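Working notes, beginning with the structure itself.
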Amino acid sequence: MTLAASHKIVITFSIGPQRLAIPATDLREIIDPLPTTRVPGAGDFAPWVVNVRGAVLPLGDLRLPLGINDPNPAERPEDARRFLVLEAVIGGEPTTVAVMADIVHEVATIPSKSIEPLPATSMWPSEFVEGLFKGPEGEFVLIPDLSAIFTAMAQRAAVA
Amino acid sequence: MSDDLIAVFQEELVELLESLERGLVDLQESPEDAGLINQVFRDLHTVKGSGAMFGFTDLAAFIHDFETAFEKVRAGAVPVTPELVRLGLAARDQIPGLVNGDADPDGDRVAILNALRDLTSGGGVAAADIDDEIEAEAVTSNAPATLRFKLSEDALALGARPDILLSELKDLGATQIVADLSDIPALDDLNADQCYVAWQMQLPAGVAEGDVEDVFMFADADWTLTATEVNEVVERDEIDDLLSEAPALDTPAPQQQAPSDKAPAATEPAASIRVPAARLDALMDSVGELVTVEARLTELARHSRDPALLSTAEEVTRLAARLRDATMTMRMVPMRTLVSRFRRLILGLSSDLGKPVEFVVDGEDTELDKTVIEKLADPLVHILRNAIDHGMEDPAARAQTDKDHVGRIELSATHVGGEVHIVVRDDGRGMSADKIRAKAIERGLITSEAQLTAGQVFALVLEPGFSTAETITELSGRGVGMDVVRRTIEGLRGVIEIDSKLGQGTTVTLRLPLTLAIIDGLLIEIADERYTLPMSSVKEIFELPLDKRIASRNGDYLDIRGQFVPFVRLRHLFDCEGEPPTEQNVVVVESGDARMGIVVDRIIGTNQTVIKQVSKLQQGARAISGATILGDGTVSLIVDVAQLLAMSGPLIEPKKEVAA
Amino acid sequence: MTKTVLTVDDSPSIRRMIALTLREAGYNVLEASDGQDGLEKATSSRVDAIITDQNMPRMDGISMIKALRQHPNGRGVPIVVLSTDSADTLKSQAREAGALGWMVKPFTQDKLLAVVKKVLG
Chain V
247 MTLAASHKIV
257 ITFSIGPQRL
267 AIPATDLREI
277 IDPLPTTRVP
287 GAGDFAPWVV
297 NVRGAVLPLG
307 DLRLPLGIND
317 PNPAERPEDA
327 RRFLVLEAVI
337 GGEPTTVAVM
347 ADIVHEVATI
357 PSKSIEPLPA
367 TSMWPSEFVE
377 GLFKGPEGEF
387 VLIPDLSAIF
397 TAMAQRAAVA
Chain B
157 MSDDLIAVFQ
167 EELVELLESL
177 ERGLVDLQES
187 PEDAGLINQV
197 FRDLHTVKGS
207 GAMFGFTDLA
217 AFIHDFETAF
227 EKVRAGAVPV
237 TPELVRLGLA
247 ARDQIPGLVN
257 GDADPDGDRV
267 AILNALRDLT
277 SGGGVAAADI
287 DDEIEAEAVT
297 SNAPATLRFK
307 LSEDALALGA
317 RPDILLSELK
327 DLGATQIVAD
337 LSDIPALDDL
347 NADQCYVAWQ
357 MQLPAGVAEG
367 DVEDVFMFAD
377 ADWTLTATEV
387 NEVVERDEID
397 DLLSEAPALD
407 TPAPQQQAPS
417 DKAPAATEPA
427 ASIRVPAARL
437 DALMDSVGEL
447 VTVEARLTEL
457 ARHSRDPALL
467 STAEEVTRLA
477 ARLRDATMTM
487 RMVPMRTLVS
497 RFRRLILGLS
507 SDLGKPVEFV
517 VDGEDTELDK
527 TVIEKLADPL
537 VHILRNAIDH
547 GMEDPAARAQ
557 TDKDHVGRIE
567 LSATHVGGEV
577 HIVVRDDGRG
587 MSADKIRAKA
597 IERGLITSEA
607 QLTAGQVFAL
617 VLEPGFSTAE
627 TITELSGRGV
637 GMDVVRRTIE
647 GLRGVIEIDS
657 KLGQGTTVTL
667 RLPLTLAIID
677 GLLIEIADER
687 YTLPMSSVKE
697 IFELPLDKRI
707 ASRNGDYLDI
717 RGQFVPFVRL
727 RHLFDCEGEP
737 PTEQNVVVVE
747 SGDARMGIVV
757 DRIIGTNQTV
767 IKQVSKLQQG
777 ARAISGATIL
787 GDGTVSLIVD
797 VAQLLAMSGP
807 LIEPKKEVAA
Chain A
4 MTKTVLTVDD
14 SPSIRRMIAL
24 TLREAGYNVL
34 EASDGQDGLE
44 KATSSRVDAI
54 ITDQNMPRMD
64 GISMIKALRQ
74 HPNGRGVPIV
84 VLSTDSADTL
94 KSQAREAGAL
104 GWMVKPFTQD
114 KLLAVVKKVL
124 G
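This is the structure in structure tokens:
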């Protein structure tokens with residue numbers, strides 16, 4: 247219990263050049279990429295569905311909500327790509343979604359103290375980021391606010 | 157009540173009176189201080205509450221009016237004026253006399269209350285009544301009754317105790333107590349704070365509904381009490397009561413058509429067994445998985461071209477289909493389970509609203525999937541309520557027409573192909589298409605140029621933005637909540653249609669699929685993507701004539717045996733890239749009265765389709781009703797034919813289409 | 004085991020009346036004079052049921068119930084709201100906040116005992 251208060255266990259992964267972290271408690275599993283099915287008109291946040299062991303899950307792309315630009319997508323090795331299956335709360339309801347990652351790094355325990363709020367002048371959308379911390383190589387690791395992102399997706403989808 | 161306690165109360169009262177006085181005086185200085193207003197209100201409230209507790213009923217009654225006046229001040233409806241403070245202080249000064257039981261020979265108290273009422277009028281101060289608790293009239297059933305109850309989801313977290321409830325019910329004489337465990341989910345989904353068990357039991361004759369209500373006073377539960385043997389008997393009695401109460405001809409009581417046959421009696425000799433619903437759901441899930449595996453096996457067999465494997469796969473397909481049908485049949489529940497609720501509703505509304513109504517039910521034996529039945533109850537209640545509340549004329553208005561003075565509401569349920577049609581028809585005032593149209597334009601739902609069929613106009617009342625508080629009298633409230641009804645029906649993959657004739661009545665038709673879990677699908681392909689069309693809506697399939705390959709500016713129409721049928725190109729609709737093949741197919745689909753063609757690259761075949769819901773995240777995909785998993789494990793989206801027809805609305809009426 | 008009932012009311016006389024009645028019937032009774040006080044007592048000691056007034060200074064009954072239901076010690080404890088008003092809006096407010104039921108004031112000692120028995124068994 248004390249560890250939970252002072253530390254956070256997170257999974258770190260990258261999309262393009264950006265390193266991200268999500269709480270281990272939100273992660274259900276990490277799987278190899280599956281064949282995707284395009285959902286016409288579903289919007290850019292979650293444009294596909296995948297079959298994860300008999301359940302049809304939306305497959306999300308965090309690049310757009312987090313404003314991640316990948317100048318060299320060809321450099322990302324194909325065989326490192328993974329899908330993260332996450333449990334998120336969308337509009338108050340627990341929902342399972344998958345998101346794409348270019349590479350999954352590690353499970354890390356980070357001191358809660360080291361997590362900082364987004365600087366006012368940052369280039370990231372503050373409504374979708376919970377905070378950030380300095381990674382092992384001094385780079386910024388973003389903690390996305392999954393509930394906020396998926397809730398916004400659902401709202402956009404409802405409007406579309 | 158002991159004298160000790162009374163002494164405590166009187167001590168408290170002295171303090172309260174001081175606080176009240178101080179509050180009122182301070183209010184004169186700062187009339188807008190919300191804290192002071194709250195304090196005065198609270199003091200009054202406490203005096204009233206404690207006074208009543210300790211037997212000072214005159215005091216409590218007096219304070220009640222005093223408090224009501226200050227409630228308006230607190231709500232900001234009445235300002236604090238010097239006059240109000242003066243009256244407040246005068247009223248306060250009456251309190252010691254009231255406690256002592258002094259008489260009020262000059263009527264000062266009434267005068268003060270009247271003055272307060274005048275000052276704060278704008279909603280009358282009710283005559284003194286602290287006796288808010290109205291004892292429900294005891295309704296005693298003279299037949300044994302079946303009680304079913306289930307605690308609400310959060311009841312346990314709120315401290316409700318099913319063991320206490322059961323012991324109290326036993327005290328009432330409950331027997332044959334049976335726990336229904338069918339809603340208990342798998343361990344992973346189990347929420348320890350929730351009670352999933354429902355109970356059913358027999359209560360002896362003579363137990364009043366009020367007794368049962370008492371048991372559930374401290375437990376948030378859904379419970380129903382129904383006469384065990386013959387439903388009609390109790391209802392008949394109620395009608396007779398109503399009839400004897402009806403004064404004369406001008407307000408005849410609602411009449412009711414007796415059900416044509418007997419309720420399904422538990423005593424039926426047929427060899428039937430009870431199965432918890434959860435087991436049926438589990439069976440259905442397994443059948444769903446079997447169907448998916450069967451699709452995979454068939455595909456493998458086709459590839460292998462091994463005749464023995466092919467014939468085995470065919471055999472499995474046939475068995476899976478049979479098993480599916482058998483399982484679906486087991487889940488079927490007759491409409492009757494809903495109808496008795498509706499009878500009560502109509503009966504109640506009819507007498508509440510003073511609109512005599514005859515309620516006629518046809519097709520109570522029509523069966524639907526239990527999930528559909530469960531979800532159907534609320535929408536139907538809404539539609540029936542609308543029919544009597546807004547559809548039926550007042551007796552006076554109805555007398556002006558040549559219609560029977562007793563209104564008629566019909567509910568019918570029939571099987572039509574793979575669907576169930578549920579129709580609610582009233583013979584009330586009907587709706588004016590012109591007015592709805594005008595209002596929809598005003599609300600910005602359609603443009604004034606829009607060309608709509610009558611059905612499309614009436615469908616506008618189902619739009620979320622159609623109805624608001626200020627509605628035109630004739631339609632008043634017709635649309636309230638109807639968007640919710642539509643959403644529920646569409647969630648069941650059903651369609652809702654409205655037809656109405658001004659002065660003659662309104663008909664609402666719900667068209668629902670027989671089952672939610674599995675459908676026969678037609679698998680098609682466009683641009684290497686595979687989609688599924690529900691076979692039940694597919695009418696015919698043919699090749700797209702070569703001259704129609706290129707989209708026409710006048711809109712795309714096919715001449716099918718002399719009839720113009722519009723068509724859409726699924727590639728366009730779903731933003732597919734690349735060029736279509738030379739040879740394409742048209743699938744003609746039908747939903748309601750509308751018909752259209754869907755152009756696809758090729759037809760792959762038919763399959764049994766286990767329907768999976770698409771997540772909320774992807775609601776934007778408007779013409780998709782769900783997804784299914786194909787034999788190779790990939791996902792195929794199920795095209796929502798009804799929505800496709802609605803989306804391509806203007807195309808449906810070729811005559812109106814004008815070349816640009 | 005003796006059951007403990009917490010009575011929360013700003014009126015000392017009502018509090019006393021409830022306490023006396025319940026103690027005579029063999030219950031252990033804690034008293035709190037407003038919502039704040041009630042919240043502190045309910046979260047710091049073992050309480051089997053709570054009877055609370057609605058309208059109180061510092062923290063009203065509804066707010067107390069809401070806060071209590073957020074607290075790990077406050078789940079599952081039956082809470083009965085006292086009200087001089089049987090208005091449905093108040094009832095539904097209380098229900099939404101997490102009350103199990105309500106009792107309309109004035110009530111007799113017998114009624115009080117019946118309610119507590121109904122709630123605690």
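Chains as they are written, first to last, in our numbering: chain V, 247 to 406; chain B, 157 to 816; chain A, 4 to 124. Note that beta-carbon positions come from the ideal geometry of N, C-alpha and C, so glycine has one too. Bear in mind the structure is a predicted one, so any value in this text is a computation, not a measurement.
Could you give the distance in angstroms between the alpha-carbon of V/Leu303 and the alpha-carbon of V/Ala344? 7 Å
In terms of residues, what are the limits of the alpha helix (DSSP H) holding B/Phe226? Thr213 to Arg230
Would you report the Cα separation of B/Ile780 and B/Ile794, rounded to the nearest angstrom? 6 Å
In or out: B/Glu450 buried (at least 16 other Cβ within 10 Å) or exposed? buried
Do A/Gly79 and B/Ala313 have their C-beta atoms within less than 7 Å of each other? yes
Along chain B, in chain order, which residues have C-beta atoms closer than 8 Å to that of A/Asn31? Those do not exist, as A/Asn31 stays about 17 Å from chain B at its closest Cβ, beyond 8 Å.
Buried or exposed for B/Ala361, please, with buried defined as at least 16 other CB atoms from any protein chain shown within 10 angstroms of its CB. exposed
Please list the partners that B/Val363 has in chain A, where partner means a Cβ-to-Cβ separation under 8 Å. Those within 8 Å of B/Val363 in chain A number zero; the least Cβ separation is about 17 Å.
Is the CB-CB distance between B/Leu328 and B/Asp367 below 7 Å? yes
Can you tell me whether DSSP reads B/Thr382 as helix, strand or coil? strand
Name the DSSP beta bridge partners of B/Ile429, please? BP columns for B/Ile429 are empty, so no partner.
Under 7 Å (Cβ pairs) to chain B, residues found in the segment 355-378 of chain V: none
Checking contacts by CB at 7 Å: is V/Val222 closer than that to chain B? One cannot answer for residue 222 of chain V here, as it falls past the ends of chain V, which runs 247 to 406.
DSSP three-state assignment for B/Pro737, whether helix, strand or coil: coil
Local conformation of B/Gln764 per DSSP, three classes: strand
Short Cβ contact (7 Å threshold) for B/Leu689 with B/Thr762: no
Taking only beta-carbon atoms, is B/Pro420 less than 7 Å away from chain V? In this prediction, B/Pro420 scores a pLDDT of 44, lower than 50, which makes its location untrustworthy; no coordinate-derived value is stated.
Using beta carbons (cut-off 7 Å, strictly below), is V/Pro346 in contact with chain B? The residue asked about is misnamed: residue 346 of chain V is Met in this sequence, not Pro. With 7 Å as the cut-off, V/Met346 does not count as an interface residue toward chain B.
Got a sec: which bits of the segment 207-228 of chain B sit with their beta carbon under 9 Å from any beta carbon on chain A, in order along the chain? Gly207, Ala208, Met209, Phe210, Gly211, Thr213, Ala216, His220 and Glu223
Mind checking which residues open and close the beta strand (DSSP E) that includes B/Thr665? Gly661 to Pro669
B/Val791 and V/Thr283 closer than 7 Å at C-beta: yes
With H, G and I counted as helix, E and B as strand and the rest as coil, what does DSSP make of V/Pro363? coil
Three Cβ pairs or more, each shorter than 8 Å: is that satisfied between the segment 304-324 of chain V and the segment 781-790 of chain B? no
Taking Cβ positions, are B/Val724 and B/Leu714 nearer each other than 7 Å? no
Residue closest to V/Ala270, alpha-carbon to alpha-carbon, out of V/Glu362, V/Pro371 and V/Ala334: V/Ala334
Range of the contiguous beta strand (DSSP E) that encloses B/Asn256: No beta strand (DSSP E) contains B/Asn256, which is instead part of the alpha helix (DSSP H) from Pro238 to Asn256.
Contact set for B/Tyr352: own chain, Cβ-Cβ below 6 Å, skip 5 residues either direction: Asp339 and Ile340
Buried or exposed (CB count within 10 angstroms, at least 16 for buried), V/Ile276: exposed
If V/Glu362 sits next to V/Phe379, beta carbons under 8 Å apart, how far is it from one beta carbon to the other, in whole angstroms? 7 Å
7 Å is my cut-off, CB to CB: does B/Ser771 come that close to chain V? yes
Span separating the alpha-carbon of A/Leu42 from that of B/Ala233: 33 Å
Since B/Asp327 is in the alpha helix (DSSP H), which residue starts that stretch and which ends it? Pro318 to Asp327
Measure the CB-CB distance between B/Val867 and B/Leu439 and report whether it falls below 7 Å. Any answer about residue 867 of chain B is impossible in this case: the structure gives chain B only from 157 up to 816.
Check the Cβ of B/Arg230 against every Cβ in chain A and list those closer than 7 Å, keeping chain order. Simply none; closest approach about 11 Å.
Per-residue burial, V/Ile382 [other beta carbons within 10 Å of its own, 16 or more giving buried]: A small correction: the amino acid at residue 382 of chain V is Pro; Ile does not occupy that position in the sequence shown. By the 10 Å Cβ count, V/Pro382 comes out exposed.
Compare the C-beta of B/Gln774 against all C-beta atoms of chain V and say whether one is closer than 7 Å. yes
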